[in-house]
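Those protein sequence lines, which keep their order, are chains A and B. Counting in this note's numbering, the final residue of the first sequence is number 163, and the numbers go up one at a time with none missing. Counting in this note's numbering, the final residue of the second sequence is number 163, and the numbers go up one at a time with none missing. All residues carry an ideal CB built from backbone N, CA and C; glycine is no exception. Shown next, in structure tokens, is the structure this report addresses.
2 protein chains.
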Amino acid sequence: MSSLPETTARERPRNLALLLREPFRIGSEQLHERFAERGHPEVRAPHGNVLQYLDDAGTRVSVLAQRAQITKQSMAELVAHLERHGYVERTPDPDDRRAKLVRATARGEEVYAIAREFVAEMEADWTRQLGKGDMRRLRELLERLNDVVAG
Amino acid sequence: MSSLPETTARERPRNLALLLREPFRIGSEQLHERFAERGHPEVRAPHGNVLQYLDDAGTRVSVLAQRAQITKQSMAELVAHLERHGYVERTPDPDDRRAKLVRATARGEEVYAIAREFVAEMEADWTRQLGKGDMRRLRELLERLNDVVAG
DNA sequence: GAAGATGGACAGGAGGCCTGTCTAGCTGGA
DNA sequence: TCCAGCTAGACAGGCCTCCTGTCCATCTTC
């Protein structure tokens with residue numbers, strides 16, 4: 013995060029980090045507004061970390077935590093919240109009596125569907141405004157950038 | 013690491029939102045590691061919201077809150093934390109006896125300098141790996157995307 | 001002046017994340 | 001076969017960020 017205390021904070025040059033963050037932030041905000049509109053105000057930003065990583069067959073909390081890169085305690089809390097509100101359910105794992113499998117309920121699937129729909133709309137909107145070619149170039153450049161930062 | 017029994021998460025193509033978020037997230041992480049290395053472990057992610065929006069002349073908490081898009085109560089807490097650790101100081105506003113101006117101390121300026129240096133390094137690194145032309149194109153496309161989402 | 005707006009403080013609370021610890025259940029080697 | 005050590009998850013306790021609501025002092029406007 014740079015920040016040039018030159019004149020006023022407002023007229024800083026556009027900073028690459030912010031250019032990356034803003035579309036993501038605004039998109040997330042709109043997605044959660046959409047959830048709320050469709051009757052799922054209980055689904056908050058970090059819960060994407062659960063729903064996003066669920067397998068159809070059900071997934072253990074510890075596996076979810078690993079995928080989402082948070083501790084299993086944190087993940088357990090997110091799951092508990094979603095369970096309280098009926099988005100996921102936990103069933104015993106038949107293969108391991110210590111474990112429980114987290115699975116989306118119908119209500120959870122609904123949220124997932126809303127998210128997919130929203131993302132598709134959003135990408136279509138961006139494509140309409142940037143143009144198909146530039147959108148493809150943007151994605152390609154971002155993919156390369158991600159490979160760079162990940163490497 | 014992922015020697016997990018078979019199943020991966022739901023099959024997803026690389027998702028545009030994540031492509032935007034990851035470089036930002038990784039960059040932030042590295043920046044805060046840098047802060048810690050240089051003796052400023054107290055500066056945590058949200059404190060960028062303060063430092064980033066400070067004017068040289070000093071800035072009111074309510075203005076900072078507005079710029080950072082959080083409530084003034086939240087901003088007041090961030091400022092208090094930074095003040096406790098000597099990064100900013102609050103002085104009475106000569107123009108309004110209700111108000112106080114938040115200003116960076118020398119220690120705060122040091123953190124700025126570290127951030128600016130880090131951002132410069134990071135951008136240079138990305139440019140080296142993507143190439144100058146592609147980096148410029150990426151920035152340009154991101155600027156257009158930001159205009160689209162902001163509009 | 002007085003009414004209303006604004007700057008900021010304080011109280012209380014929620015969510016998300018952490019470390020540490022504990023039990024139940026699994027697994028592999030002697 | 002049995003036990004040591006590991007793993008899955010629950011529980012306790014704590015920190016940080018952010019929120020709403022309330023209050024007072026001060027400024028602004030009429």
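Any beta-carbon of chain A closer than 8 Å to the one on B:ARG33? By 1-based counting over the second sequence, the position of residue 33 of chain B is 21. So yes, B:ARG33 belongs to the interface.
Output yes if chain A places a C-beta closer than 8 Å to the C-beta of B:ARG188; else output no. An answer regarding residue 188 of chain B cannot be provided, because it is not within the stretch 13 to 163 covered by chain B.
Helix, strand or coil for A:ALA191? Go by DSSP, reduced to three states. Because chain A in this structure spans residues 13 to 163, residue 191 of chain A falls outside the shown range and cannot be described.
Can you check whether the CB of B:GLU135 is closer than 8 Å to the CB of A:LEU28? In the first sequence, the residue the question calls residue 28 of chain A occupies position 16. In the second sequence, the residue the question calls residue 135 of chain B occupies position 123. A contact, by the Cβ cut-off of 8 Å.
Among A:GLN81, A:VAL91 and A:LEU90, the one whose alpha carbon lies nearest that of B:ILE38: Translated into positions along the second sequence, residue 38 of chain B becomes position 26. Checking every option, the nearest Cα to that of B:ILE38 belongs to A:GLN81.
For A:ASN158, which residues in chain B fall below 7 Å Cβ to Cβ? Taking the first sequence and counting its residues from 1, the one referred to as residue 158 of chain A is at position 146. Per Cβ cutoff of 7 Å: LEU31, GLU34 and PRO35.
Inside the segment 104-133 of chain B only - beta strand (DSSP E) runs reaching at least 3 residues: 108-116
Cβ closer than 7 Å: which chain A residues qualify as neighbours of B:GLU135? Taking the first residue of the second sequence as 1, we reach residue 135 of chain B at position 123. Residues of chain A passing the Cβ test: LEU28.
Short-range partners of chain A found in the segment 140-154 of chain B, where Cβ spacing is below 7 Å: GLN141, LEU142, ASP146, ARG149, LEU150, ARG151, LEU153 and LEU154
With 16 other CB atoms within 10 Å as the buried threshold, where does B:GLN64 fall? On the second sequence, residue 64 of chain B is found 52 positions in, with the first residue counted as 1. Flag for B:GLN64 reads buried.
Measure from the C-beta of B:ILE38 to each C-beta in chain A and report whether the shortest distance is under 8 Å. What you label residue 38 of chain B is simply residue 26 of the second sequence in a count that begins at 1. Yes, because at least one Cβ of chain A sits closer than 8 Å to the Cβ of B:ILE38.
Chain B partners of A:VAL55, CB-CB under 9 Å? The residue given as residue 55 of chain A occupies position 43 in the first sequence. Within chain B, no residue comes near A:VAL55; the closest Cβ sits about 16 Å away, beyond 9 Å.
Contact residues within the segment 65-84 of chain B, judged by C-beta distance below 7 Å to chain A: TYR65, LEU66, ASP67, ASP68 and ARG79
Where B:THR139 falls: helix, strand or coil (DSSP): By 1-based counting over the second sequence, the position of residue 139 of chain B is 127. Three-state result, B:THR139: helix.
Reduced DSSP secondary structure (H/G/I, E/B, other) of B:ARG72: In the second sequence, the residue the question calls residue 72 of chain B occupies position 60. Strand.
Go through its chain and collect everything with a Cβ distance to A:PHE130's Cβ below 6 Å, but skip five positions before and after it. Mapped onto the first sequence, residue 130 of chain A falls at position 118. Excluding positions up to five away in sequence, the list reads LEU43 and ARG46.
Distance check for B:ASP108 and A:ALA88, CA to CA, integer angstroms please. Mapped onto the first sequence, residue 88 of chain A falls at position 76. Mapped onto the second sequence, residue 108 of chain B falls at position 96. The alpha-carbon atoms of A:ALA88 and B:ASP108 are separated by roughly 49 Å.
My guess is that A:TRP138 and B:VAL91 are in contact by the Cβ rule of under 8 Å, so how many angstroms apart are they, rounded? Walking along the first sequence from the start, residue 138 of chain A turns up at place 126. Walking along the second sequence from the start, residue 91 of chain B turns up at place 79. Wrong, their Cβ atoms sit about 36 Å apart, outside the cutoff.
I think A:VAL55 touches A:VAL123, with their Cβ atoms under 8 Å apart; what is that distance to the nearest whole Å? Working through the first sequence from its first residue, we reach residue 55 of chain A at position 43. Working through the first sequence from its first residue, we reach residue 123 of chain A at position 111. That pair is a contact at about 6 Å.
Please list, in chain order, all residues of the same chain as A:MET147 whose beta carbon is under 7 Å from its beta carbon, the five residues on each side excluded. Position 135 of the first sequence, counting from 1, holds the residue named residue 147 of chain A. Here the set comprises TRP138 and THR139.
Simplified DSSP assignment, three categories, for A:ARG24: To locate residue 24 of chain A, count along the first sequence from 1; it is residue 12. Because A:ARG24 carries a pLDDT of 48, less than 50, the predicted location of this residue cannot be relied on, and no value is offered for it.
Going straight from the alpha carbon of B:HIS59 to that of A:ALA48, what length do you get? Start at 1 with the first residue of the second sequence, and residue 59 of chain B comes out as number 47. Start at 1 with the first residue of the first sequence, and residue 48 of chain A comes out as number 36. Each residue's alpha carbon lies about 29 Å from the other.
Rounded to the nearest angstrom, what separates A:ARG119 and A:ASP68 at their Cα positions? Indexing the first sequence from 1 puts residue 119 of chain A at position 107. Indexing the first sequence from 1 puts residue 68 of chain A at position 56. A:ARG119 and A:ASP68: Cα-Cα distance of roughly 14 Å.
Between which residues of its own chain and B:ALA162 is the CB-CB distance below 6 Å, once the five residues before and five after are set aside? In the second sequence, counting from the first residue as 1, residue 162 of chain B sits at position 150. Correct list: empty, nothing qualifies.
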